[in-house]
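Below: the structure, in structure tokens.
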Amino acid sequence: MTRETLAGTLEEIALLLELKGENPFKIRAYRQGAEAVLNYDGDIVAKATADDLKDIKGIGEALREKLHELASTGVLKFHQDLRSQFPEGLFELFDVQGLGPKKVKALHESLGIGSIADLKQACEAGKVAELAGFGAKTQVKILEALALRESFADRFLLGMVTPVVETILETLRQHPDVSRSAVAGSYRRAKETVHDLDFLVATKEPAQVCKDFTLLPEVKSIIACGETKASVRLNDGIQCDLRAVSNEQFPFALQYFSGSKEHNVALRSLALKQGLSLNEYGFTGDTSELPPIHEEKDIYAALGLDYIAPEMRENRGEIEAAAENQLPKLIELENLRGTFHSHTTASDGHHTLEEMAEEAIDLGLQYLGISDHSKSSPQANGLNEQRLMAQIKEIAELNKGYEKFRLLAGSEVDILKDGSLDFDDELLMQLDFCVASVHGVFNLSEDEMTRRICRAMENEHVTMLGHVTGRVLLKREPYQVDHARIIDCAAETRTIIELNCSPKRMDMDWRWWKRARDKGVLCSINPDAHSIARLHHIGLGVRMAKKGWLRRQDVFNTRPLEDVLKFLATPKSKR
DNA sequence: GCCGTTTTCGGCCCGACTGTTTTCAGTCG
């Protein structure tokens with residue numbers, strides 16, 4: 007039983023209850039329960055098994071009992087009974103744009119549709135258009151949505167959409183009728199993957215700006231275009247929304263559309279307690295005492311809160327912290343002094359030691375850690391002992407030519423199946439630092455994988471742990487690890503954990519960093535760069551670190567070179 | 001189904017857009 011299973015079951019119940027047309031607030035309670043399970047800071051599975059789920063906000067009497075039954079027996083009768091009333095494939099219908107519970111229910115009850123394949127067939131036969139509440143246009147839209155679903159993924163990597171976001175923002179900025187513009191939504195919150203892009207403008211000509219937005223060269227098709235809102239699909243498949251508001255409304259709209267939904271719900275209920283109602287256009291209710299609102303921070307201030315950075319707006323305690331002046335002072339990109347974990351042509355990188363060093367210097371860094379693969383990764387042209395020794399010498403030679411910069415000699419050494427390392431200690435001692443990572447044998451049990459990784463961290467020469475779960479976002483599932491145990495082990499062994507900020511990894515996940523921080527575990531923001539361009543991903547890494555509530559002092563590579571060298575020369579037990 | 005410095009009962013965020021309607025339901029964010 008895992009935390010994800012518990013939360014997933016509650017989510018599924020919510021969906022099933024929607025299909026049954028249950029009370030929407032009950033449905034929401036299940037969703038919020040799922041969220042509470044995911045966010046709970048502790049061993050929720052053990053607590054559910056022991057029926058010890060007291061005082062968790064969002065989990066009341068009924069959910070407590072259900073979670074206990076599920077955790078202790080592996081199944082939940084309530085859930086199974088609900089499930090048996092609908093066909094398996096019905097769930098995938100919810101992924102089709104434009105289909106919600108009511109329509110899915112109607113399709114199922116009237117036409118017996120229980121899968122995507124059924125739906126496609128019924129549309130092509132013209133049966134869907136004949137249903138009450140449906141029509142010819144709806145049928146066409148469903149067919150389009152199905153085609154879209156086949157050709158594109160519905161989520162995109164944060165790092166991959168950055169260029170198109172910058173381009174569109176720039177165009178909006180230059181529009182003669184636009185006074186302010188911004189990107190909002192999950193992009194602004196730095197979620198590792200985004201479903202769509204949300205843009206916002208302040209203008210006196212909303213309808214015109216909306217229309218012009220749909221004419222951008224990046225636009226493939228128009229989903230909707232109204233007086234104040236437009237929705238389009240871009241050439242690369244991502245959906246892109248624009249909201250046009252007045253200058254006075256802009257901060258409210260920016261706050262609102264930045265989300266998250268959970269953060270906003272919490273913020274609004276806080277407002278309600280103060281006799282205020284908050285929407286995307288402003289405050290209503292007793293506004294006589296309110297100061298003027300010019301920007302987002304004025305909204306938070308009006309509610310008695312410190313300004314909350316967008317990355318933190320996930321309703322994971324930030325509102326409470328803001329009310330008590332307890333928000334952390336988050337790390338900024340300019341705090342970084344260097345970075346670790348980069349590859350060169352020696353293994354599977356695209357640039358030489360010198361080229362990587364030049365780029366790091368251009369980025370204003372004082373040091374760059376080189377960590378090519380080790381010999382057990384032949385697919386990545388991993389270095390054997392001789393080649394690594396040669397690289398150490400080469401780095402020493404190059405360092406003679408730099409005045410205020412230093413290449414650090416390291417290795418991304420494979421953690422073998424039993425937790426031993428690909429190089430012996432004598433060789434590891436020759437290095438400035440060592441990143442230990444799992445690159446093969448992914449199919450171990452959670453316990454075995456966790457022990458394997460912990461054993462590696464116990465090695466005196468392992469400076470940091472590389473990509474904790476090995477996930478490749480949107481592509482490969484993480485290998486199973488017990489994050490809590492790994493964090494505890496890192497704290498005990500004084501091993502740094504890497505925040506691998508390659509856009510496809512973002513590993514360790516942001517949801518775990520606050521816990522690691524509180525246990526005194528240091529983070530290193532590492533690009534895992536295989537080319538000079540990818541060194542720039544440290545910027546994304548900083549945003550992800552903010553999402554994990556990390557401060558400057560929590561991140562190892564904010565330290566200047568001198569301090570880093572001193573740290574690396576100190577035995578782990580004394581760090 | 002959850003929750004409580006208005007409440008142990010009665011609320012629970014709310015507006016834009018579309019399509020099918022003829023005044024509104026459904027979906028989305």
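The opening position of the first sequence corresponds to residue 7 in the working numbering, with each subsequent residue numbered one higher. Idealized CB from N, CA, C, for every residue including glycine.
Assignment of glutamate 454 by DSSP, reduced to helix, strand and coil, places it in the helix class. With the rule of 3 Cβ pairs closer than 8 Å, the segment 390-410 does not count as touching the segment 462-470.
Here histidine 379 carries a strand assignment [DSSP, helix/strand/coil]. Under the three-pair Cβ rule at 8 Å, the segment 562-577 counts as touching the segment 333-343. The beta carbon of isoleucine 421 is closer than 6 Å to those of Ala442, Val444, Ala462 in its chain, skipping five residues each way along the sequence. Assignment of alpha helix (DSSP H) within the segment 97-143, counting only whole runs of 4 or more residues, yields 107-117, 122-130 in chain order. For histidine 467, the secondary structure class from DSSP, reduced to helix, strand or coil, is coil. Contact between alanine 196 and arginine 549 holds, with the beta-carbon distance rounding to 4 Å and staying under 8 Å.
Under DSSP, aspartate 87 shares a beta bridge with no residue.
Residue environment analysis places lysine 552 among the buried positions, since at least 16 neighbouring C-beta atoms fall within 10 angstroms of its C-beta. Straight across, the Cα-Cα distance linking phenylalanine 439 with proline 533 is about 16 Å. Going by DSSP, glutamate 400 is part of the alpha helix (DSSP H) stretching over 391-405. Counting the other CB atoms within 10 Å of its CB gives methionine 318 a total of 16 or more, which places it among the buried residues.
For the pair of segments examined, the segment 222-235 was found to touch the segment 166-186: the number of CB pairs separated by less than 8 Å reaches three. Within the DSSP bridge table, the entry for glutamine 145 names no partner.
Membership of arginine 186 in the beta strand (DSSP E) is indicated by the continuous run 184-190.
Per DSSP, reduced to three states, the secondary structure at tyrosine 408 is coil, with no helix or strand assignment. The count of Cβ pairs closer than 8 Å, one atom from the segment 324-342 and one from the segment 287-298, stays below three, leaving the stretches out of contact. Closest option to alanine 277, judged by alpha-carbon separation, among Asp494, Glu268, Ala396, Tyr306: Tyr306. DSSP places isoleucine 228 in the strand class (E or B) of the three-state scheme. For threonine 177, the enclosing alpha helix (DSSP H) starts and ends at 164-180. Glycine 118 has its alpha-carbon roughly 10 Å from the corresponding atom of alanine 128. In this structure, the CA atom of alanine 142 is about 20 Å from the CA atom of cysteine 231. Under the three-state reduction of DSSP, arginine 482 is assigned to strand.
Contact annotation: aspartate 488 and glutamate 452 have beta-carbon atoms nearer than 8 Å.
Around the C-beta of glutamine 86, fewer than 16 other C-beta atoms lie within 10 Å, and the residue is accordingly described as exposed.
Within the model, the alpha-carbon separation for lysine 108 versus arginine 161 is close to 24 Å. For asparagine 45, the enclosing alpha helix (DSSP H) stretches over residues 30-45.
Remark: C-beta atoms of isoleucine 503 and alanine 522 approach each other more closely than 8 Å. The alpha-carbon of leucine 394 is positioned some 21 Å away from that of isoleucine 538. Residue pairing by DSSP places isoleucine 538 in no beta bridge whatsoever. Look at the beta carbons and you see the segment 510-518 not touching the segment 268-285: under three pairs across the two are nearer than 8 Å. Contact check for glycine 375 against glycine 416 passes: the beta carbons are separated by less than 8 Å.
With fewer than three CB-CB distances shorter than 8 Å, the segment 477-484 does not count as touching the segment 384-394. Within 10 angstroms of the beta-carbon of glutamate 365 lie 16 or more other beta-carbons, which makes it buried. Sequence-distant partners of arginine 581 (beyond 5 residues in either direction) whose C-beta falls short of 8 Å from its own C-beta, in its chain, are Arg500, Phe573.
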